[in-house]
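Written out below as structure tokens is the structure these notes cover.
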Amino acid sequence: MIKKNWSVNNQIASSDLPLLDRILIQRGYESQEQRDAFLSFDPKTLCDPFAFTDMKKACELIVKHHKAGGRIVVHGDYDADGVTATAVLMRQFRRLDIPADFVIPDRLEDGYGITDSSIEKVLEKCPTLVVTADCGIASLSEVQTLADKKIDVIITDHHECKEKLPEASAIINPKVPGCSYPEKNLAGVGVAFKLVQALDRYYDHTQQYQLDLALVAIGTIADIAPLLGENRTFVKAGLHLLNNLRDRIPAGLSALIEQALSGAVVTSASIGFGFGPRINAAGRMGDATPAVMLMLSDDSLETKKLAILLDKRNSERKKIEQDIFDAAVNMIETSHGFDHQPITIVKGDDWHSGVIGIVCSKLVEK
37 MIKKNWSVNN QIASSDLPLL DRILIQRGYE SQEQRDAFLS FDPKTLCDPF AFTDMKKACE
97 LIVKHHKAGG RIVVHGDYDA DGVTATAVLM RQFRRLDIPA DFVIPDRLED GYGITDSSIE
157 KVLEKCPTLV VTADCGIASL SEVQTLADKK IDVIITDHHE CKEKLPEASA IINPKVPGCS
217 YPEKNLAGVG VAFKLVQALD RYYDHTQQYQ LDLALVAIGT IADIAPLLGE NRTFVKAGLH
277 LLNNLRDRIP AGLSALIEQA LSGAVVTSAS IGFGFGPRIN AAGRMGDATP AVMLMLSDDS
337 LETKKLAILL DKRNSERKKI EQDIFDAAVN MIETSHGFDH QPITIVKGDD WHSGVIGIVC
397 SKLVEK
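Here my numbering is used: the first residue of the sequence shown is 37, the next is one more, and so on.
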């Protein structure tokens, strides 16, 4: 059993303040203003997207390519964060009638992030501009390959930066040294959403993008980003949409709610343990494209089929994961001297690379 040490301020605990106030003060929200901000979820309070160092440059590039008749390709990632980030960007480009397509690398064929093989898939779509979603900040040589072909690259990412940054046309990442954007713990979908928010100012100012906060909430929770500050606002607004405005959210999310929850109330837990695994399963088993298509389609019949497909992929993932887990446990329990070894290594030649990380976590728990 994991033991926890609780630190309680007895003076606050015994005060006459309401229970909620006392709990929040214990967590460091000492003023009423801080507590109100923590509990608020007004999208109007979101930070200015142009606080990102290259946000203005990124918007101007997209407008330039649009006016010149160019084509944008979004290069995403195969996990739930990358899938929702890709969908958020694609939905905005469609709203603005900007020609765009997307590429999600195959986990088994292409590997993680921007790779030589995923670049080949991008080039097949003849882009003039590539926008990354939840990847790219560490892809120095790959971004240079695109630049050498006279293709502009906008990176939207949230991962830690290396000492040298890619020679991209614009980089939107709150962790870039010198970036003044105040929220440093956004998920990849949150960063992509800020570009969407900025683009709205450059075009029609309709704020239709706010309906996609449902997608932002899913990606943020699935990526286990801290639910504080702007992330908390994203998730609160997204849950409100998922539960109260289901006729206005992406049709694919309604289909996912029916498939995963039988239409029940959506909570952060049901996203984390219901939606997230189904979206991730597509990428873990290989191709995450169906998960993106689910979030882009407005056809109820197609979204129902895609939701069923993700559910099937998740069931397949569970079985493969359990088979590997059982095999690994058997190896460990039948090995000699396990109790006396500081490290134990198990392997199987045919173990699926998409699920062994989960199996490792389960083995540690056991």
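Every residue, glycine too, gets a C-beta built ideally from N, C-alpha and C.
Quick caveat: nothing in here was measured; it's all calculated off a predicted structure.
Boundaries cannot be given for Asp-146, as no alpha helix (DSSP H) includes it and DSSP labels it neither H nor E. In the structure shown, Leu-231 falls within a helical segment according to DSSP collapsed to helix, strand and coil. In the three-state reduction of the DSSP assignment, His-388 falls in the coil class, being assigned neither a helical nor a strand state. Burial of Arg-314 is indicated by the presence of at least 16 other C-beta atoms within 10 angstroms of its C-beta. Annotation for Ile-379: no alpha helix (DSSP H) segment contains it, and DSSP assigns it neither H nor E.
The straight-line gap separating the alpha-carbon atoms of Ile-368 and Thr-81 is approximately 53 Å. Residues of the same chain with a CB within less than 7 Å of the CB of Ile-356, apart from the 5 flanking positions on each side, are His-388 and Val-391 in chain order. With fewer than 16 other Cβ atoms from the protein chains shown falling within 10 Å of its own Cβ, Arg-284 counts as exposed. Counting only runs of at least 3 residues, the segment 102-189 fully encloses the following beta strand (DSSP E) elements, listed from N- to C-terminal order: 108-111, 136-139 and 165-168. Looking only at Gln-377, Ser-333 and Gly-64, the smallest Cα-Cα distance to Leu-289 is reached by Ser-333. Counted as a single uninterrupted DSSP element, the beta strand (DSSP E) harbouring Ile-208 occupies residues 206-208. As a beta-bridge residue in DSSP terms, Ile-191 pairs with Ile-207. Distance from the CA atom of Lys-161 to the CA atom of Ala-291, rounded to whole angstroms, is 29 Å. Gly-255 is a Cβ neighbour of Asp-117, given a cutoff of 9 Å. In the structure shown, Pro-262 adopts coil according to DSSP, grouped into three states.
Three or more Cβ pairs closer than 8 Å define a contact, and the segment 86-97 falls short of that threshold against the segment 144-161. For Gly-312, the enclosing alpha helix (DSSP H) covers residues 312-320.
Taking C-alpha positions only, Ser-336 is separated from Met-91 by approximately 35 Å. Exclusion of the five residues before and after Arg-320 leaves Arg-143, Arg-353, Gly-390 and Val-391 as the residues of its chain whose Cβ lies within less than 7 Å of its Cβ.
Each of Phe-374, Asp-84, Thr-168 and Ser-43 was checked against the Cα of Cys-215, and the nearest Cα belongs to Asp-84. Residue burial is scored here from C-beta neighbours: Thr-89 has at least 16 other C-beta atoms within 10 angstroms and is therefore classed as buried. In this structure, the CA atom of Leu-56 is about 12 Å from the CA atom of Phe-74. Around the beta-carbon of Ala-121, 16 or more other beta-carbon atoms lie within 10 Å, marking it buried.
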